[in-house]
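**Q** First residue of the sequence shown: 206, per my numbering; consecutive thereafter. Note that CB positions come from ideal geometry on N, CA and C, so glycine has one too. In this text the structure is predicted, and so the values were computed from the model without any measurement. Here you go, one structure.
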Amino acid sequence: MSPPPVRLHVTGLTRAFGGQPVVDDLSLTIAAGQVTCLLGPSGCGKSTTLRMIAGVEPLDNGRVVIDGRVVADQGLHLPPEARSVGLMFQDFALFPHMTVAQNVGFGLRDARDYKARRVDALLERVNLTGFGPKHPHQLSGGEQQRVALARALAPRPRVMLMDEPFSGLDNRLRDGIRDTTLEVLKDEGTAVLLVTHEPDEALRMGDEIALMRAGRIVQRGSPYNVYNAPVDRAAAAFFSDINVIRGTSRGALTNTPFGAFLTPGHAEGAEVEIVIRPQHLKIDFDRAGRGPNPTPQDGTAARGTVTRARFLGRESLVDFAMDFDGSRLTASVPNVFLPKPGTALWLMIRRDRCFVFPAGR
Ligand SMILES: Nc1ncnc2c1ncn2[C@@H]1O[C@H](COP(=O)(O)OP(=O)(O)OP(=O)(O)O)[C@@H](O)[C@H]1O
Numbered sequence: 206m207s208p209p210p211v212r213l214h215v216t217g218l219t220r221a222f223g224g225q226p227v228v229d230d231l232s233l234t235i236a237a238g239q240v241t242c243l244l245g246p247s248g249c250g251k252s253t254t255l256r257m258i259a260g261v262e263p264l265d266n267g268r269v270v271i272d273g274r275v276v277a278d279q280g281l282h283l284p285p286e287a288r289s290v291g292l293m294f295q296d297f298a299l300f301p302h303m304t305v306a307q308n309v310g311f312g313l314r315d316a317r318d319y320k321a322r323r324v325d326a327l328l329e330r331v332n333l334t335g336f337g338p339k340h341p342h343q344l345s346g347g348e349q350q351r352v353a354l355a356r357a358l359a360p361r362p363r364v365m366l367m368d369e370p371f372s373g374l375d376n377r378l379r380d381g382i383r384d385t386t387l388e389v390l391k392d393e394g395t396a397v398l399l400v401t402h403e404p405d406e407a408l409r410m411g412d413e414i415a416l417m418r419a420g421r422i423v424q425r426g427s428p429y430n431v432y433n434a435p436v437d438r439a440a441a442a443f444f445s446d447i448n449v450i451r452g453t454s455r456g457a458l459t460n461t462p463f464g465a466f467l468t469p470g471h472a473e474g475a476e477v478e479i480v481i482r483p484q485h486l487k488i489d490f491d492r493a494g495r496g497p498n499p500t501p502q503d504g505t506a507a508r509g510t511v512t513r514a515r516f517l518g519r520e521s522l523v524d525f526a527m528d529f530d531g532s533r534l535t536a537s538v539p540n541v542f543l544p545k546p547g548t549a550l551w552l553m554i555r556r557d558r559c560f561v562f563p564a565g566r
């Protein structure tokens with residue numbers, strides 16, 4: 206089977222405001238039926254990237270190609286309606302004076318009976334059959350959101366650009382709407398660029414995550430890879446709380462509460478940071494000071510004292526001060542585990558889940 210065709214191809218996209226670069230030489234490719242989540246902290250340039258691709262913001266440099274056709278470069282700026290893009294924003298604003306059917310059919314220039322059939326089919330697709338004659342104010346937030354999706358899809362855009370489209374919805378609605386939206390977009394074979402600052406949303410929705418920082422994409426990959434092989438400490442920290450064990454690499458080894466770690470590739474005397482997520486620290490009991498008998502995979506156990514334990518619903522977080530050097534670590538345990546402060550417990554570290562980075566990066 207041949208790979209799906211590329212729908213969006215962006216190269217060298219650059220934009221500065223007042224001399225300050227906001228998007229800096231950004232490149233990106235999205236194939237038909239693929240969802241790429243542009244994920245990053247507030248202000249890193251996600252919306253500006255999306256707006257340049259949509260055609261509502263000029264670019265200083267670079268090129269945007271949609272379905273093989275250049276729609277923007279230094280000398281060319283096609284308007285949004287000539288780019289075959291669908292847009293969905295947080296404040297998706299349906300036209301209040303129009304019915305649901307008129308809203309969905311708004312961008313269609315086809316003959317009346319074709320248009321009516323397309324509108325009905327889309328309303329059915331987003332589970333709103335029979336809603337055509339209603340007005341937006343008669344609909345719930347989730348229903349309005351699905352009308353907005355149908356409206357954006359009506360002209361069969363090659364590329365769908367979505368900027369935090371679910372953040373106005375309450376939590377209980379959100380997961381359902383995300384799943385419906387994803388299903389519909391996959392069915393239509395649209396290439397999707399979804400901007401979000403929520404890692405959970407990117408992990409849930411993306412075939413690919415493009416992690417953005419200060420105007421640049423710092424890492425691209427499947428959700429699994431971006432989560433499990435972060436390029437640096439900040440990339441690891443973007444997805445969950447992290448523990449950082451600091452040390453000095455000597456003879457390609459770094460001493461930690463959990464014994465010596467292999468840290469090859471770091472200069473003699475270089476400061477390193479060993480990063481581990483709280484769920485990859487395993488807790489065991491003290492057994493009158495004898496501690497556990499770890500398997501080779503569990504690594505070396507180290508003793509610590511509980512300083513605080515919190516219940517967060519799906520998990521409990523337990524904070525420790527380590528006997529070795531007083532360093533602070535946090536372990537996450539599924540369900541309820543609330544040892545009293547002062548309790549001695551042992552921690553084991555999944556070495557294959559640790560990331561080693563040069564300090565300060
Ligand atoms: N038209 C503009 N004029 C001047 N500065 C702008 C303009 N648009 C955006 N900026 C600035 O560019 C930076 C990036 O903005 P952008 O909206 O792209 O970030 P973002 O990653 O989408 O953030 P958020 O998640 O908060 O929306 C911000 O510092 C913003 O203030």
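Can you tell me whether Q239 is buried or exposed, with buried defined as 16 or more other CB within 10 angstroms of its CB?
**A** So Q239 counts as buried.
**Q** Do V227 and ligand 1 come close, with the Cβ less than 8 Å from some heavy atom?
**A** Yes, since a heavy atom of ligand 1 falls inside the 8 Å radius drawn around the Cβ of V227.
**Q** Under 8 Å from any heavy atom of ligand 1, does the C-beta of H402 make it?
**A** True, at least one ligand heavy atom lies under 8 Å from that Cβ.
**Q** Taking C-alpha atoms, which residue in L281, V538, L244 lies nearest to S427?
**A** The shortest Cα separation from S427 among L281, V538, L244 belongs to L244.
**Q** Whose C-alpha, out of R556, F300, D437, is nearest the C-alpha of T505?
**A** Checked all of R556, F300, D437; the closest Cα to T505 is R556.
**Q** Could you tell me whether the region 270 to 282 touches the region 456 to 469, using the rule of 3 or more Cβ pairs below 8 Å?
**A** Touching, no, given that fewer than three Cβ pairs across the two stretches are closer than 8 Å.
**Q** As a quick exercise: from L213, S252, P209, pick the residue whose alpha carbon is nearest that of M417.
**A** It is S252.
**Q** Examine ligand 1 and report whether any of its heavy atoms sits within less than 8 Å of the Cβ of S289.
**A** No, ligand 1 has no heavy atom inside 8 Å of this Cβ.
**Q** Report the CB separation of T241 from L458 in whole angstroms; it is logged as a contact under 8 Å.
**A** Actually they do not touch by this definition, with Cβ atoms about 40 Å apart.
**Q** Go to M257, then tell me how far its alpha helix (DSSP H) extends in each direction, as first and last residue.
**A** Per DSSP, M257 belongs to the alpha helix (DSSP H) from 251 to 259.
**Q** My understanding is that N448 touches I481, with C-beta atoms under 8 Å, so please give their C-beta distance in whole angstroms.
**A** That pair is a contact at about 5 Å.
**Q** If you scan the region 442 to 471 from start to end, which runs of the beta strand (DSSP E) of 3 or more residues do you find wholly inside it?
**A** Whole beta strand (DSSP E) segments, 3+ residues: 448 to 455, 458 to 461, 464 to 467.
**Q** Please return the same chain residues whose Cβ sits closer than 6 Å to the Cβ of V305, not counting the five positions on each side in sequence.
**A** Within the same chain, V305 has close Cβ partners F336, G337, K339, V352.
**Q** Which whole-angstrom value is the C-beta distance of V227 and G260, which I expect to be below 8 Å?
**A** Not a contact, Cβ separation roughly 17 Å.
**Q** Classify T500 as helix, strand or coil using the three-state DSSP reduction.
**A** Note: T500 maps to coil in three-state DSSP.
**Q** Enumerate in chain order the residues of its own chain whose CB-to-CB distance from G641 is below 6 Å, with the five nearest sequence positions on each side excluded.
**A** Missing from the structure shown is residue 641; the chain here goes from 206 to 566 and no further.
**Q** Taking the straight line between their C-alpha atoms, what separation do you get for L218 and V423?
**A** When rounded, the distance between both Cα atoms is 15 Å.
**Q** Quick check on DSSP: helix, strand or coil for D318?
**A** Note: D318 maps to helix in three-state DSSP.
**Q** At 3 residues or longer, and completely inside the region 385 to 431: list those beta strand (DSSP E) runs for me, N to C.
**A** For the region 385 to 431, whole beta strand (DSSP E) runs of length 3 or above, ordered along the chain, are 396 to 401, 413 to 418, 421 to 426.
**Q** What number of angstroms, rounded off, separates the C-alpha of R377 from the C-alpha of G346?
**A** If I take the Cα positions, the gap works out to 12 Å.
**Q** Quick check: does the Cβ of G347 come within less than 8 Å of any heavy atom belonging to ligand 1?
**A** No, since every heavy atom of ligand 1 falls outside the 8 Å radius drawn around the Cβ of G347.
**Q** In the structure shown, what three-state DSSP assignment does G509 receive?
**A** Strand.
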